[in-house]
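*Asks:*
Residue numbers (the UniProt record's numbering): 1 to 144.
1) Which class does residue 113 belong to by DSSP, given the choice of helix, strand or coil?
2) Between the C-alpha atoms of residue 106 and residue 52, what's the straight-line distance to the nearest angstrom?
3) When you compare the CB positions of residue 97 and residue 121, do they come within less than 8 Å of one another, or not?
4) In whole angstroms, what separates the C-alpha of residue 92 from that of residue 135?
5) How many angstroms separate the CA atom of residue 5 from the CA atom of residue 19?
6) Just reading off the beta strand (DSSP E) that residue 121 is part of, what are its end residues?
7) What is the residue span of the beta strand (DSSP E) that residue 88 lies within?
8) Following the continuous beta strand (DSSP E) through residue 41, name the residue where it begins and the one where it ends.
9) Can you tell me whether residue 8 is buried or exposed, with buried defined as 16 or more other CB within 10 angstroms of its CB?
10) Per DSSP, what are the beta-bridge partners of residue 138 in this structure?
11) Between residue 127 and residue 143, how many whole angstroms is the CB-CB distance? I'm expecting something under 8 Å.
12) The beta strand (DSSP E) that contains residue 77, what's its start and end?
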C-alpha cells in the first residue's frame with residue numbers, strides 16, 4: 001500500500017492506495033468502503049460496409065456537330081483535349097497550316113489553351129464556332 005497527501009481546494013487529504021491486478025479495488029473514506037470491479041467488455045462485431053448499388057450505365061449523347069458549310073471532313077481530325085468553351089477560331093476552311101500553328105483558342109478552367117495543327121495540311125472543316133461549349137474528344141476541325 002502507498003499513502004499520498006493530496007491537497008484539494010486548500011484541504012489536505014491522506015490517501016492510501018492499494019495496488020491490485022484484476023481484483024476489486026477498495027476506496028477508503030470516512031464512510032463505508034466502496035468496491036469497484038472492472039466490467040468485462042463484450043466483443044463487438046466489426047462494422048459491415050453498406051452495400052453499394054452499381055450505377056446504371058448511361059449512353060453518351062451522339063455527337064451532332066456538323067462540318068462548316070462548304071467543308072468536307074478531312075483525313076486528320078483535331079480533337080478537343082478537354083471540355084471548355086471556344087473563344088476564337090484562328091484558321092479558316094481552305095487555309096494551309098503548318099504543324100504547331102494555332103487553329104482555335106479553347107478556354108478551360110479559366111485558362112486559354114491554344115489548339116494547334118497536329119501536322120502540316122489544309123483546313124478541310126471547322127466544326128465549331130466562337131462561344132460554343134465543347135466536351136473532351138469533340139472533333140473541332142479536320143485537315144487534309
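For glycine and all other residues, C-beta sits at the position ideal for the given N, C-alpha and C. Please read all numbers here as calculations on a predicted model, not as lab measurements.
*Replies:* Working from what's here:
1) As a working note, residue 113 is residue 113 in the chain shown. Strand, per DSSP.
2) Taking the chain shown and counting its residues from 1, one reaches residue 106 at position 106. Taking the chain shown and counting its residues from 1, one reaches residue 52 at position 52. For residue 106 and residue 52, the distance between alpha carbons rounds to 38 Å.
3) By 1-based counting over the chain shown, the position of residue 97 is 97. By 1-based counting over the chain shown, the position of residue 121 is 121. Between residue 97 and residue 121, the C-beta spacing is below 8 Å.
4) To locate residue 92, count along the chain shown from 1; it is residue 92. To locate residue 135, count along the chain shown from 1; it is residue 135. The alpha-carbon atoms of residue 92 and residue 135 are separated by roughly 22 Å.
5) Within the chain shown, the letter at position 5 stands for residue 5. Within the chain shown, the letter at position 19 stands for residue 19. Per the coordinates, the alpha-carbon of residue 5 lies some 17 Å from the alpha-carbon of residue 19.
6) As a first step, residue 121 must be located in the chain shown, where it is residue number 121. Residue range 121–126 is occupied by the beta strand (DSSP E) that includes residue 121.
7) Against the chain shown, residue 88 aligns to sequence position 88. Following the DSSP letters along the chain, one finds residue 88 inside the beta strand (DSSP E) bounded by residues 84–89.
8) In the chain shown, counting from the first residue as 1, residue 41 sits at position 41. Careful: residue 41 lies outside any beta strand (DSSP E) and carries neither H nor E.
9) Within the chain shown, residue 8 is the residue found at index 8, counting from 1. So residue 8 ends up on the exposed side.
10) The residue labelled residue 138 in the question sits at position 138 within the chain shown. Secondary-structure assignment with DSSP links residue 138 through no beta bridge to anything.
11) Numbered from 1 along the chain shown, position 127 holds the residue referred to as residue 127. Numbered from 1 along the chain shown, position 143 holds the residue referred to as residue 143. Not confirmed; about 12 Å, so no contact.
12) Translated into the one-based positions of the chain shown, residue 77 becomes position 77. Annotation for residue 77: the continuous beta strand (DSSP E) segment containing it runs 76–79.
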